[in-house]
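Novice: Under our numbering, think of the first position of the sequence shown as 65, with each following residue one higher. Positions of the beta carbon are idealized from the N, C-alpha and C atoms, including for glycine.
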Amino acid sequence: MSKPPIVPETTVSGIAVDPRTLERVIPESRRPDGSVRKQLKIRPGYTPQEDVRRFRGTRQAQMDANTLPKGHVIGWTPPTQTAVPTASKAGLSKAQKKNEKRKEKRKEKREEPAKVKDNWDDDEEEGDADDGSAPAGGAKTKEGGEHTPENPNWAAAPDPKKDAGTDGLADKLEKLEVR
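(1) Given that a residue counts as buried once 16 or more other Cβ atoms are within 10 Å of its Cβ, and exposed if not, what is I79?
(2) Identify whether T131 lies in helix, strand or coil by the three-state DSSP scheme.
(3) Roughly how many angstroms lie between the CA atoms of G121 and A129, to the nearest whole one?
(4) Among D231, V76 and K161, which one has its Cα closest to the Cα of Q113?
(5) Would you list, in sequence order, the uninterrupted beta strand (DSSP E) runs of no fewer than 3 residues that lie entirely inside the stretch 75 to 146?
(6) Just verifying my parser: in three-state terms, what is the DSSP assignment at E73?
(7) Which same chain residues, not among the five before or five after A125, have their C-beta less than 7 Å away from its C-beta?
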């Protein structure tokens, strides 16, 4: 059996382990006026407020564990370790395994290049080739007809006769009445 240290290590609050009795005590100390404080025994299991560590949640504790060591060069990454997928997935729950699969799918999706159109002027989809079904003017009604003088589409184009010149303006003024 090894001998206890001559100067025992103390906590923040000053508690040390007595080398003779192996009890936790606050060792005797000298006051400024020269008198001596008696040695105080500490109850087993008691932790003074000064010795209580700050609470760290699991994420905070993990973040502290993942902090870079002192003198670490930014941008340098340590070599990757070979992962054993069967051993790592053995301790996972169903939900964790499902989430791992989702992560892998998202990663594959990100690595997959996005489709870029060759011609931006062509807004038609591949299946909608020019088959003559679209009207020449481009204006369509709800039924799919065109705006023609015989079949007017008032939503697509206003009546040019009514709005032309002063007659159209007079008609609009007649409709407006200020009281």
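Specialist: Result, derived from the coordinates:
(1) Looking at its Cβ environment, which holds 16 or more other Cβ atoms inside 10 Å, I79 is buried.
(2) Secondary structure at T131: coil, using DSSP grouped into helix, strand and coil.
(3) One alpha carbon belongs to G121, the other to A129, and they sit about 12 Å apart.
(4) The residue among D231, V76 and K161 with its C-alpha nearest the C-alpha of Q113 is V76.
(5) Correct list: 88 to 90.
(6) Reduced to three states, the DSSP call for E73 is coil.
(7) Taken in chain order, the list of residues that qualify is empty.
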